[in-house]
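Protein chains in written order, with the working numbering: chain A, 1 to 114; chain B, 1 to 113.
Note that beta-carbon positions come from the ideal geometry of N, C-alpha and C, so glycine has one too.
None of the values given here were measured: they were computed from a predicted structure.
Working notes, beginning with the structure itself.
Spelled out as structure tokens, the structure:
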């Protein structure tokens with residue numbers, strides 16, 4: 001079955017430090033890959049997506065993600081975290097072909113300390 | 001502003017009561033989805049509609065029904081609410097079966113007592 005794993009439930013980083021959130025998936029083929037962010041009490045906002053081509057993709061708010069086929073991973077990174085980045089982050093995947101909706105990971109909550 | 005509108009934003013139900021959650025999008029998207037979000041569980045798909053006139057079950061459909069009223073609107077109905085349905089419900093829409101990313105509504109927080 002399709003699955004998405006976000007190994008870290010909660011991460012705390014200092015403001016200005018770098019960030020990496022992990023995401024692994026299990027699919028037979030390369031899926032479409034997404035990262036969403038959810039601020040408290042809000043809906044989800046798309047940060048970035050990967051379909052094909054360059055394995056390093058840039059998104060909004062200074063985020064980037066790298067697709068590594070050999071590791072079935074799509075980790076999210078930011079060089080310097082701001083206090084406003086505190087939120088919950090979700091990795092999601094959809095099959096490359098077919099008519100299946102997105103499958104979401106369970107999320108990683110990011111806390112930012114001064 | 002273009003987007004996905006959900007109503008109501010908050011609702012408290014008694015066990016056994018029924019209610020319908022409404023969702024409308026104005027982006028001319030073909031596909032619409034209902035997810036529920038529970039702490040530590042991420043988002044789980046309840047039902048989806050790949051196009052007007054079609055609906056399919058997701059991961060957790062029991063206790064729910066849906067109606068794709070037209071291209072814009074996709075409602076979720078709880079016929080007999082149970083405390084296990086206490087959750088935050090999100091509606092989303094997309095073109096091309098989610099490939100371009102979803103647009104989410106702001107959610108409905110439902111409590112069943």
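Consult DSSP for residue i and reduce its assignment to one of helix, strand or coil.
| i | result |
| --- | --- |
| residue 54 of chain A | coil |
| residue 8 of chain A | coil |
| residue 26 of chain B | coil |
| residue 69 of chain A | helix |
| residue 71 of chain B | coil |
| residue 62 of chain A | helix |
| residue 85 of chain B | helix |
| residue 44 of chain A | strand |
| residue 13 of chain B | strand |
| residue 95 of chain A | coil |
| residue 96 of chain B | helix |
| residue 31 of chain B | strand |
| residue 26 of chain A | strand |
| residue 39 of chain A | coil |
| residue 18 of chain B | coil |
| residue 80 of chain B | coil |
| residue 84 of chain A | helix |
| residue 51 of chain B | coil |
Can you tell which of the options has its C-alpha closest to the C-alpha of residue i?
| i | options | result |
| --- | --- | --- |
| residue 73 of chain A | A/9, A/45, A/111 and A/50 | A/50 |
| residue 101 of chain A | A/68, A/85, A/34 and A/59 | A/34 |
| residue 69 of chain A | A/15, A/38, A/20 and A/26 | A/26 |
| residue 39 of chain A | A/55, A/89 and A/112 | A/89 |
| residue 2 of chain A | A/108, A/22, A/94 and A/8 | A/94 |
| residue 110 of chain B | B/68, B/85 and B/47 | B/85 |
| residue 61 of chain A | A/54, A/87 and A/41 | A/87 |
| residue 43 of chain A | B/79, B/9, B/55 and B/70 | B/9 |
| residue 45 of chain B | B/106, B/91, B/103 and B/101 | B/91 |
| residue 63 of chain B | B/18, B/113 and B/26 | B/18 |
| residue 60 of chain B | B/78, B/101 and B/26 | B/78 |
| residue 72 of chain B | B/65, B/49 and B/57 | B/49 |
| residue 91 of chain A | A/23, A/79, A/29 and A/30 | A/23 |
| residue 13 of chain A | A/105, A/55, A/81 and A/106 | A/81 |
Can you round the beta-carbon distance between residue i and residue j to whole angstroms, since I take them to be within the 8 Å contact cut?
| i | j | result |
| --- | --- | --- |
| residue 75 of chain B | residue 29 of chain B | With a Cβ gap of about 16 Å, residue 75 of chain B and residue 29 of chain B do not count as contacting. |
| residue 51 of chain B | residue 31 of chain B | 7 Å |
| residue 4 of chain B | residue 103 of chain B | 5 Å |
| residue 21 of chain A | residue 75 of chain A | 6 Å |
| residue 15 of chain B | residue 88 of chain B | Contact flag wrong, Cβ pair sits at about 19 Å. |
Which term fits residue i, buried or exposed, when burial requires 16 or more other beta carbons within 10 angstroms of its beta carbon?
| i | result |
| --- | --- |
| residue 114 of chain A | exposed |
| residue 47 of chain A | buried |
| residue 34 of chain B | buried |
| residue 12 of chain B | exposed |
| residue 85 of chain A | buried |
| residue 9 of chain A | exposed |
| residue 37 of chain B | buried |
| residue 58 of chain A | exposed |
| residue 111 of chain A | exposed |
| residue 42 of chain B | buried |
| residue 2 of chain B | exposed |
| residue 80 of chain B | exposed |
| residue 98 of chain A | Caution applies to residue 98 of chain A, whose pLDDT of 48 falls short of 50 and renders its modelled position unreliable; the value that the coordinates give is listed next. Residue 98 of chain A should be labelled exposed. |
Interface residues of chain E around residue i at Cβ under 7 Å?
| i | result |
| --- | --- |
| residue 110 of chain A | No chain E is part of this structure, whose protein chains are labelled A and B. |
### Query
the stretch 12-41 of chain A: which residues have C-beta closer than 7 Å to a C-beta of chain B, in chain order?
32 and 34
### Query
When you check each C-beta in the stretch 76-108 of chain A against every C-beta of chain B, which residues fall closer than 7 Å?
90, 94, 99, 101, 102, 104, 105, 106 and 107
### Task
Below 7 Å between beta carbons is the criterion; list the residues of the stretch 17-43 of chain B that meet it against any residue of chain A, in chain order.
33, 40, 41, 42 and 43
#### Entry: Positions along the stretch 46-61 of chain A whose CB lies within less than 8 Å of some CB in chain B
46, 49 and 51
### Query
Just by C-beta distance, which residues in the stretch 41-64 of chain B are closer than 9 Å to chain A?
41, 42, 43, 44, 45, 48, 50, 56, 58 and 59
### Task
Scan the stretch 101-112 of chain B for residues whose Cβ lies nearer than 7 Å to a Cβ of chain A and list them as they occur along the chain.
101, 102, 104, 105, 106 and 107
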